[in-house]
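Remarks on the structure that follows.
Residue numbers (our numbering), protein chains in the order written: chain F, 6 to 115; chain V, 68 to 180.
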């Protein structure tokens with residue numbers, strides 16, 4: 006039931022782009038994306054509700070393919086502050102309960 | 068504005084001792100409340116979920132229990148801690164409407180020795 010994230014880890018240079026994927030074996034009601042810095046709590050990035058919408062947030066955007074039960078997070082022109090672990094959280098039943106993927110560690114180097 | 072308080076920030080407890088972690092939310096009414104655990108270098112595991120006072124859903128069978136004695140108070144407990152209970156415990160809240168994000172507390176780092 007846990008969604009699968011790929012890749013597990015990414016190393017980038019400042020200014021490069023990255024894509025993080027999240028795939029579920031179950032039909033999804035919504036997908037959430039969070040970023041966690043080491044030793045801190047996860048911070049909300051964005052939500053995508055079923056309907057196949059794409060959302061943007063500065064240079065971070067995401068898409069949700071309801072049919073494929075997949076979501077992707079796009080980070081463009083990466084900055085040092087983008088470093089951290091990214092988690093997708095999937096909701097299957099409109100209860101607010103999120104099941105999180107195992108995380109993708111992103112490291113942006115100067 | 069809404070805030071979530073979680074304490075203590077760190078805790079070291081011996082095996083077999085009891086545990087009580089508390090979480091309170093301010094600035095909102097009737098929130099959904101959650102307890103998650105994160106083992107070192109791992110993902111977030113949902114432990115308990117509550118939609119109202121006294122209503123607790125346990126997601127994973129384990130050595131822990133949760134209670135919600137008041138609308139904005141959520142407590143995680145154990146009668147006897149195990150080594151495997153070590154981890155980073157996160158309380159979170161969300162509003163009731165569809166598409167509401169989770170807002171996490173700062174977490175409690177528990178080490179069972």
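Ideal Cβ positions, reconstructed from N, Cα and C, are used throughout, including at glycine.
Asked, Found
"Minimum Cβ-Cβ distance from residue 92 (chain V) to chain F less than 9 Å", "no"
"Closer than 9 Å at the beta carbon, the chain V residues around residue 102 (chain F)", "99, 101, 113, 116, 124 and 126"
"9 Å Cβ cutoff met for residue 38 (chain F) and residue 87 (chain F)", "no"
"Below-9 Å beta-carbon distance, residue 168 (chain V) vs any chain F residue", "yes"
"Rounded separation between residue 177 (chain V) and residue 72 (chain V) - CA only", "16 Å"
"Contacts that residue 130 (chain V) makes with chain F (C-beta to C-beta distance below 9 Å)", "What residue 130 (chain V) touches in chain F: nothing, since even the nearest Cβ is about 21 Å away."
"Given 8 Å, three or more beta-carbon pairs between the stretch 155–166 of chain V and the stretch 93–104 of chain V", "yes"
"Any 3 or more C-beta pairs closer than 8 Å across the stretch 73–88 of chain F and the stretch 70–88 of chain V", "no"
"C-beta neighbour in chain F for residue 141 (chain V), strict 9 Å", "no"
"Residue nearest to residue 52 (chain F) in terms of C-alpha spacing, selected from F:76, F:16 and F:115", "F:76"
"Beta carbon of residue 179 (chain V) nearer than 9 Å to that of residue 151 (chain V)", "yes"
"C-beta neighbour in chain V for residue 39 (chain F), strict 9 Å", "yes"
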